[in-house]
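Q: My numbering puts the first residue of the sequence shown at 7, with every later residue one more than the last.
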Amino acid sequence: IDDIELSAKGTSFSLTNHKTEEKITIETNLVAQFNVMNLTAALLAVSQYKNVPLSYLAQFCQSIPQIEGRMEIIDAGQDFTTIVDYAHTPDGFIQCFEYAKSITPGDNRIICVFGSAGKRDTKKRIVLGEIADLYCDVIILTEEDPRDEDVMEISNQIKAGIKEANYIIIEDRISAIEQAIMIANTSDTVLILGKGDETFMDRVYERDHYEGDHKVAQAALIERKKQKEAYDDEPIH
Numbered sequence: 007i008d009d010i011e012l013s014a015k016g017t018s019f020s021l022t023n024h025k026t027e028e029k030i031t032i033e034t035n036l037v038a039q040f041n042v043m044n045l046t047a048a049l050l051a052v053s054q055y056k057n058v059p060l061s062y063l064a065q066f067c068q069s070i071p072q073i074e075g076r077m078e079i080i081d082a083g084q085d086f087t088t089i090v091d092y093a094h095t096p097d098g099f100i101q102c103f104e105y106a107k108s109i110t111p112g113d114n115r116i117i118c119v120f121g122s123a124g125k126r127d128t129k130k131r132i133v134l135g136e137i138a139d140l141y142c143d144v145i146i147l148t149e150e151d152p153r154d155e156d157v158m159e160i161s162n163q164i165k166a167g168i169k170e171a172n173y174i175i176i177e178d179r180i181s182a183i184e185q186a187i188m189i190a191n192t193s194d195t196v197l198i199l200g201k202g203d204e205t206f207m208d209r210v211y212e213r214d215h216y217e218g219d220h221k222v223a224q225a226a227l228i229e230r231k232k233q234k235e236a237y238d239d240e241p242i243h
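#1: Sort R230, H24, K29, N41 by Cα distance to G98 and report the nearest one.
#2: Are the segment 219 to 238 and the segment 125 to 133 touching by the rule of at least three beta carbon pairs closer than 8 Å?
#3: What's the gap between the Cα of L134 and the Cα of T95?
#4: Entirely within the segment 74 to 146 and at least 3 residues each: give me those beta strand (DSSP E) ranges in chain order.
#5: Which residue's Cα is closest to the Cα of F120: E11, L197, E33, S18?
#6: Under three-state DSSP, which class holds V210?
#7: With distances taken Cα to Cα, identify the nearest neighbour of A82 among D238, S18, A225.
#8: For my contact list, A64 and I116 are in at a C-beta cut-off of 8 Å; report their separation, rounded to the angstrom.
#9: Please look up how many angstroms separate the CB atoms of V90 and H220, rounded, as I've assumed it's under 8 Å.
#10: Should the segment 154 to 174 be called in touch with the segment 44 to 56, which here means at least 3 C-beta pairs below 8 Å?
#11: Report yes if the CB atom of T148 is closer than 7 Å to the CB atom of I176, and no otherwise.
#12: Using three-state DSSP, classify D9 as helix, strand or coil.
#13: A166 and I132 - do their beta-carbons sit closer together than 7 Å?
#14: Which partner residues of I30 appear in the DSSP bridge assignment?
#15: Tell me the rounded alpha-carbon separation between D73 and P59.
#16: Using CA coordinates, which residue listed in K130, K129, D85, D203 is at the minimum distance from T110?
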C-alpha cells in the first residue's frame, strides 16, 4: 500500500502487485487510515477467491457508499468538516482523532462532542478525556446512554483528564451537537463520537427514541445554513 492521501472528501491510495509490478490506484468515498486497511483486505479477498483482477474491482470503489455512523462525513455545503462515528473506546478515539488531525489545517480547530455510557467501564472515562485533550481544541461533554447515572457526574469524571483544551458540559446531546456546529469556523473539524447511527438513548428504566447523531448533525448544519443566509440577506442600514 502506497501513496495514501486522506481528505474530508475521500481517500486515494495505490496497491502494487509485486509479481507483475502492476500499480493500481484506488479511490473511495470512505475515509480514514483504518478504512484503507479494511478496503484493501476486502479487495484482496474478492480478487483471490473469485479470481477477479484488482484493476477491475478498483473501478467500483468510488461508488461504495458511506456507512451511517461510521466515520460518516455529514455534508450540507458547509465550509468545515463534520464527522459522526460510533467510537467510544480509547483505541477508537485515537483512530478518529488521528484522521481529524491529518485533515485539519494547523491553524484550525478540532471540536469534539462525546460522553461516556452510564453503568459501563468507568475507568475509561478519564482516559477518554486525556486522549481528547491531546488532539482537541474544544471539547463538549454530553450524555451518552447515561442509564441511571448522573450525566454531570460522568462528565466530571471525563473532565478530570482534560488539562489544556477548552471544554464545556452540555447535558442534552442534541444541544451539544448544535453548539459544536454553531461555533465551528472555516476549515475546522467537528467530531461527534459515541452514538453513530443509534436511534435510542438509554436512560433510567427506559430506552428513549433518539434521531441518531448523523441526523441531528445534518439538521443542525441545515439550520446553521438558514441562519447564515437570513443574516446575509438582512439590509445594511
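Idealized CB from N, CA, C, for every residue including glycine.
A: On the basis of the data shown:
#1: Taking the sequence shown and counting its residues from 1, one reaches residue 98 at position 92. Ranking R230, H24, K29, N41 by Cα distance to G98 puts N41 first.
#2: no
#3: As a first step, residue 134 must be located in the sequence shown, where it is residue number 128. As a first step, residue 95 must be located in the sequence shown, where it is residue number 89. Computed Cα separation, rounded: 7 Å.
#4: 87 to 91, 116 to 120
#5: Numbered from its first residue, the sequence shown carries residue 120 at position 114. The option with the nearest alpha carbon to F120 is L197.
#6: The sequence position of residue 210 within the sequence shown is 204, counting from 1. Coil.
#7: On the sequence shown, position 76 is the one that residue 82 refers to. Out of D238, S18, A225, A225 has the C-alpha closest to the C-alpha of A82.
#8: The residue labelled residue 64 in the question sits at position 58 within the sequence shown. The residue labelled residue 116 in the question sits at position 110 within the sequence shown. Contact doesn't hold; Cβ gap of about 32 Å is too wide.
#9: Within the sequence shown, residue 90 is the residue found at index 84, counting from 1. Within the sequence shown, residue 220 is the residue found at index 214, counting from 1. The Cβ separation is near 5 Å, so the contact holds.
#10: no
#11: Stepping through the sequence shown from its first residue, residue 148 is reached at position 142. Stepping through the sequence shown from its first residue, residue 176 is reached at position 170. Contact flag set, yes.
#12: For the purposes of this step, residue 9 is taken as residue 3 along the sequence shown, with counting starting at 1. Correct three-state label for D9: strand.
#13: As a position in the sequence shown, residue 132 is number 126, starting the count at 1. As a position in the sequence shown, residue 166 is number 160, starting the count at 1. Cβ distance < 7 Å, so I132 and A166 count as in contact.
#14: On the sequence shown, residue 30 is found 24 positions in, with the first residue counted as 1. Answer by DSSP bridge pairing, in chain order: L21.
#15: The residue given as residue 73 occupies position 67 in the sequence shown. The residue given as residue 59 occupies position 53 in the sequence shown. The sequence given here places Ile at residue 73; Asp does not occur at that position. Each residue's Cα considered, the two are about 25 Å apart.
#16: If you number the sequence shown from 1, residue 110 lands on position 104. Per the Cα distances, D85.
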